[in-house]
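Peer 1: Its first residue numbered 1, the sequence shown is counted upward by one per residue in full-length UniProt numbering.
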Amino acid sequence: MVTILYSAVPHSRQSKHFTSRNHSPIYTHIHTHIHTPVYTDTGGVLQLLGQGCFGKVAKCKNRVTKEVVAMKVMKKNQNANYFFIEELKMLQRISQLDPDTFNLIKFIEHFEFDGHQCMAFQILDRSVEDQMKKQSKFSLSEIRPMTKQLLVALLGLKTIGVMHTDIKSDNIMLVDQEKHPFKVKLIDFGVAMERVEVKQGMQLQPVAFRSPEVSLGLPLSEAVDMWSLACCLIFWYWKDQGFTCCSQFDQVTRLVSFLGTPSEEMLNEGLLKFPHMSFILPRHLEDIIKNHKVFETGPEFKDREAFCDLLKKMFELDPYKRITPAEALLHPYITMEHLPHGDGYSQAAKDLMSVAETDYFSLQRQYLERVVQSEQEERAKRLATRKPANPKASQMWMDGVLPEGRGGGERKHDLV
Numbered sequence: 001m002v003t004i005l006y007s008a009v010p011h012s013r014q015s016k017h018f019t020s021r022n023h024s025p026i027y028t029h030i031h032t033h034i035h036t037p038v039y040t041d042t043g044g045v046l047q048l049l050g051q052g053c054f055g056k057v058a059k060c061k062n063r064v065t066k067e068v069v070a071m072k073v074m075k076k077n078q079n080a081n082y083f084f085i086e087e088l089k090m091l092q093r094i095s096q097l098d099p100d101t102f103n104l105i106k107f108i109e110h111f112e113f114d115g116h117q118c119m120a121f122q123i124l125d126r127s128v129e130d131q132m133k134k135q136s137k138f139s140l141s142e143i144r145p146m147t148k149q150l151l152v153a154l155l156g157l158k159t160i161g162v163m164h165t166d167i168k169s170d171n172i173m174l175v176d177q178e179k180h181p182f183k184v185k186l187i188d189f190g191v192a193m194e195r196v197e198v199k200q201g202m203q204l205q206p207v208a209f210r211s212p213e214v215s216l217g218l219p220l221s222e223a224v225d226m227w228s229l230a231c232c233l234i235f236w237y238w239k240d241q242g243f244t245c246c247s248q249f250d251q252v253t254r255l256v257s258f259l260g261t262p263s264e265e266m267l268n269e270g271l272l273k274f275p276h277m278s279f280i281l282p283r284h285l286e287d288i289i290k291n292h293k294v295f296e297t298g299p300e301f302k303d304r305e306a307f308c309d310l311l312k313k314m315f316e317l318d319p320y321k322r323i324t325p326a327e328a329l330l331h332p333y334i335t336m337e338h339l340p341h342g343d344g345y346s347q348a349a350k351d352l353m354s355v356a357e358t359d360y361f362s363l364q365r366q367y368l369e370r371v372v373q374s375e376q377e378e379r380a381k382r383l384a385t386r387k388p389a390n391p392k393a394s395q396m397w398m399d400g401v402l403p404e405g406r407g408g409g410e411r412k413h414d415l416v
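1) Cα separation between Ser215 and Ser221?
2) Inspect the CB distances between the segment 162-173 and the segment 340-354 and report whether three or more fall short of 8 Å.
3) Report, in whole angstroms, the separation of the C-beta atoms of Met71 and Cys60, which I expect to be a contact under 8 Å.
4) Can Lys148 and Ala356 be called in contact, C-beta distance under 7 Å?
5) Can you pull the DSSP bridge partners for Lys56?
6) Quick one: using the 10 Å Cβ neighbour count with 16 as the cut-off for buried, is Ile85 buried or exposed?
7) Output the distance between the C-alpha atoms of Gly52 and Trp236, rounded to the nearest integer angstrom.
8) Quick check: what's the CA-CA separation for Arg63 versus Leu311?
9) Check this for me: beta carbons of Ser228 and Ile167, under 7 Å apart or not?
10) Just the C-alpha distance for Met193 and Gly342, rounded to the nearest angstrom, thanks.
11) Kindly identify the DSSP beta-bridge partner or partners of Lys61.
12) Distance, Cα to Cα, Glu112 vs Lys76?
13) Looking at the structure shown, is Gly43 part of a helix, part of a strand, or coil, going by DSSP?
14) What residue from Leu339, Glu316, Pro332 has the CA that sits closest to Glu300's CA?
15) Near Asp41, which residues of its chain fall below 6 Å by C-beta distance, leaving aside the five closest residues on each side in sequence?
16) Quick test of the definition: if touching needs 3 or more C-beta pairs under 8 Å, does the segment 118-133 touch the segment 170-186?
17) Just to confirm my understanding: we take Ser211, look at its own chain, exclude 5 residues before and 5 after, and list those with CB closer than 6 Å. What are they?
18) Less than 7 Å between the beta carbons of Lys137 and Lys302, yes or no?
19) List the whole-angstrom C-beta distance separating Met132 from Ser169, where the pair is believed to meet the contact cut-off of C-beta under 8 Å.
20) Using the rule of at least 16 other Cβ atoms within 10 Å of the residue's Cβ for burial, across every protein chain shown, is Ala380 buried or exposed?
21) Taking the alpha-carbon positions, what's the Trp397 to Gly217 distance?
22) Please decide whether Asp318 counts as near chain D, where near means a Cβ-Cβ distance under 7 Å.
23) Mind checking Tyr82: buried by the 16 CB within 10 Å criterion, or exposed?
24) Keeping to the same chain, check which residues put their C-beta closer than 6 Å to that of Pro219; ignore five residues upstream and five downstream.
25) Would you grab the beta carbon distance between Ala153 and Leu104 for me? Rounded to a whole angstrom, and I think it's under 8 Å.
26) Can you give the Cα-Cα distance for Ile334 and Thr65, rounded to whole angstroms?
27) If you draw a straight line from the alpha carbon of Ala230 to that of Met314, how long is it in whole angstroms?
28) Can you grab the Cα-Cα spacing for the pair Met90 / Phe189, in whole Å?
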């Protein structure tokens, strides 16, 4: 049984500094298992929120400040300790970004008790995955504010050179769906990586959210997260995981049937080769989105067209050409410049976007336009200097050998 009686220093100190304590007298009774969903007699553990192979997350109350937090308690083993260290490193890295401005989970502090590594986080409402169980699908007007906030999160991570690598609906949390509908934050940096540490050929991301550059062994960048976000968007709207599959080959063949065959230039650059890729007929994304509903006039149809255009840019097979967070934040689907003024649909969409509005200077249009100009210049340079693949590595897929990766992807589904 776990009895986590969470008591800490004042919140003002917690939020500004990462602290580490061992066997502090203000933390008591942390054991290895939580077997009751509610434990309120001492005001400590309120509810078990989730669990995985490396630990559990409980809703806890700070006995001094009365603040409610999400407490992650890691198991006592080498693997759990490794993932704790990696996540803590990433949390300290992203502390450069204001969590409210960039829509990231707020990390309060960490400490060790009785051999367990513990981390306290801001308490949030529910995951987007859980919300979908209640309302089945999201409308374009509901998807838009979530998309903008996540693009802001990706923009912030890109500025500090961090790749999340595990973007999916259950790692996107609604902050308070009743008071602030569709206000979200990105959570779980357990397999996030610094871009400089990522090597070509690493196997990252869950298979269903895996970008083609990972599957093909291409050079990797923050663009992998944009692909995963696109997978989330199409699932939220269409209620079908576009690339649901049981293996990497399955995933590649499905994305080809959905989006067409990667260019020969891309295939030549990759470390991995997939046989018979070009023999699969493409199924056009545009037809799927535009034919999803019967109405072909009015603002909703224009919105669908804009949404489809953004998705096509996010699902660009070539990572060098894929839309960036800064570019996406200026896209009509996000800015709503394609919608008529005074229309009921447009006004309702604008009202829902209020949770995504910000006056932060680096998120304003003028600044974003300068970022985009710089990115486009860099993109042109990269495309002009592409290098051919290593011929010795090009048969790795055919031989059934995949490069070793960080260990995200499939294993990450089992982590807290």
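Ideal Cβ placement from N, Cα and C applies to all residues, glycine included.
Peer 2: Inspection of the coordinates gives the following:
1) Going by the C-alpha atoms only, they are around 13 Å apart.
2) By the Cβ criterion, the segment 162-173 is not in contact with the segment 340-354, since fewer than three pairs of Cβ atoms, one from each stretch, lie closer than 8 Å.
3) The beta-carbon separation of Met71 and Cys60, rounded to 4 Å, stays under the 8 Å limit for a contact.
4) Taking 7 Å as the Cβ cut-off, Lys148 and Ala356 qualify as a contacting pair.
5) DSSP lists Gln51, Val73 as partners of Lys56.
6) Answer is exposed; the Cβ neighbour count stays below 16.
7) Cα to Cα, the separation comes out at about 25 Å.
8) Arg63 and Leu311: Cα-Cα distance of roughly 46 Å.
9) Yes. Within cutoff.
10) Taking the straight line from one Cα to the other gives about 45 Å.
11) Looking at the DSSP output, Lys61 sits in a beta bridge with Val68.
12) Rounded to the nearest angstrom, the two C-alpha atoms are 11 Å apart.
13) Low confidence applies here, because Gly43 scores a pLDDT of 48, under 50, leaving its location unreliable; read the following figure in that light. DSSP places Gly43 in the coil class of the three-state scheme, outside both helix and strand.
14) Of the candidates Leu339, Glu316, Pro332, the one whose C-alpha sits nearest the C-alpha of Glu300 is Leu339.
15) Since pLDDT at Asp41 reaches only 38, below the 50 mark, its modelled position is unreliable, and no value is offered.
16) Touching, yes, given that three or more Cβ pairs across the two stretches are closer than 8 Å.
17) Annotation for Ser211: Val224, Trp227 place their beta carbon closer than 6 Å to its own, counting only its chain and skipping 5 residues before and after.
18) No, Cβ-Cβ distance for Lys137 and Lys302 is not below 7 Å.
19) Their Cβ separation, rounded to whole angstroms, is 7 Å, which keeps Met132 and Ser169 in contact under 8 Å.
20) With fewer than 16 Cβ atoms within 10 Å of its Cβ, Ala380 is classed as exposed.
21) Because Trp397 carries a pLDDT of 39, less than 50, the predicted location of this residue cannot be relied on, and no value is offered for it.
22) Among the chains in the structure shown there is no chain D, since it carries only a single protein chain.
23) Answer is exposed; the Cβ neighbour count stays below 16.
24) For Pro219, where only same-chain residues beyond five positions count, the Cβ hits under 6 Å are Gln200.
25) Contact flag correct, Cβ pair sits at about 6 Å.
26) Spanning the two alpha carbons is a distance of roughly 39 Å.
27) Going by the C-alpha atoms only, they are around 6 Å apart.
28) The straight-line gap from Cα to Cα measures roughly 6 Å.
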